[in-house]
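Here's the structure we're looking at; comments come further down.
Residue numbers (this note's numbering): 41 to 191.
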């Protein structure tokens, strides 16, 4: 799949085979995140998950820095990427998401989110993480996911 084929397409998590994001995957079935990002994810050699996207002009606010809503949307997506193993193929909804803005991000920077599950049991998963722009911390975040069954 090319980078541009995902927007508005149907389907689940699909691998990207060319371009900057070759070796990553993206969620075809999430039209909002595709338009907001698009966001990509992959498993690292140590087994952890990382989510990322490239900052573009359309992600910026009127002052020329990444819009806070864009960063929080990415954090919301990232908590699910980070909790991939705990979700084990099930669906979930965000019960709580909080973030602390640390520094601005700019056009062209690689935006990455990494974190860890600090507790998981039953239907609740607690995640903490950090978003970095070219390695510089720009947002610390924490979230709670509630596993749900599809009806």
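Positions of the beta carbon are idealized from the N, C-alpha and C atoms, including for glycine.
Contact set for residue i: own chain, Cβ-Cβ below 8 angstroms, skip 5 residues either direction
| i | result |
| --- | --- |
| residue 170 | 153, 154, 155, 177, 179, 180, 181 |
| residue 15 | With the chain running from 41 to 191 in the structure shown, residue 15 is simply not present. |
| residue 142 | 177, 178, 179, 180 |
| residue 114 | 76, 77, 79, 91, 93, 151, 153, 171 |
| residue 174 | 149, 150 |
| residue 241 | The structure shown has nothing for residue 241, since the chain only spans 41 to 191. |
Residues that DSSP places opposite residue i in a beta bridge
| i | result |
| --- | --- |
| residue 164 | 161, 186 |
| residue 142 | Paired residue(s): none; residue 142 is not in a bridge. |
| residue 55 | 65 |
| residue 133 | 186 |
| residue 151 | 93, 173 |
| residue 60 | Answer is none; residue 60 lacks a bridge partner. |
| residue 73 | Bridge partners of residue 73: none, in fact. |
| residue 180 | 140, 170 |
Contacts around residue i, its chain only, beta-carbon distance under 7 angstroms, and the 5 residues preceding and following it disregarded
| i | result |
| --- | --- |
| residue 83 | 89 |
| residue 117 | 73, 79, 91 |
| residue 186 | 132, 133, 135, 163, 164 |
| residue 47 | In this prediction, residue 47 has a pLDDT of 41, which is less than 50 and means its spatial position is unreliable; what the coordinates show is noted afterwards. Counting only Cβ-Cβ distances below 7 angstroms, and skipping sequence neighbours, we find 74, 75, 78. |
| residue 190 | 131 |
| residue 108 | 141 |
Top-ranked residue by Cα proximity to residue i, from the options
| i | options | result |
| --- | --- | --- |
| residue 123 | 97, 81, 145, 106 | 81 |
| residue 147 | 130, 125, 111 | 111 |
| residue 60 | 150, 190, 107, 70 | 150 |
| residue 172 | 113, 144, 189, 190 | 144 |
| residue 125 | 87, 109, 138 | 87 |
Endpoints, beta strand (DSSP E) assigned at residue i
| i | result |
| --- | --- |
| residue 65 | 65-67 |
| residue 89 | 89-94 |
| residue 81 | 80-83 |
Close Cβ partners of residue i (< 6 angstroms) along its chain, the five nearest in sequence each way excluded
| i | result |
| --- | --- |
| residue 184 | 135, 136, 166 |
Residue i, enclosing alpha helix (DSSP H) - first and last residue
| i | result |
| --- | --- |
| residue 126 | 124-127 |
| residue 98 | Unbroken run through residue 98: none, as it is neither H nor E. |
Test: residue i CB closer than 8 angstroms to a CB of chain D
| i | result |
| --- | --- |
| residue 159 | The displayed structure is made up of one protein chain only, and chain D is not part of it. |
**OP:** Would you check if there are 3 or more beta carbon pairs closer than 8 angstroms linking the region 75-82 to the region 92-99?
**Re:** yes
**OP:** Could you tell me whether the region 99-112 touches the region 155-167, where touching means 3 or more Cβ pairs closer than 8 angstroms?
**Re:** no
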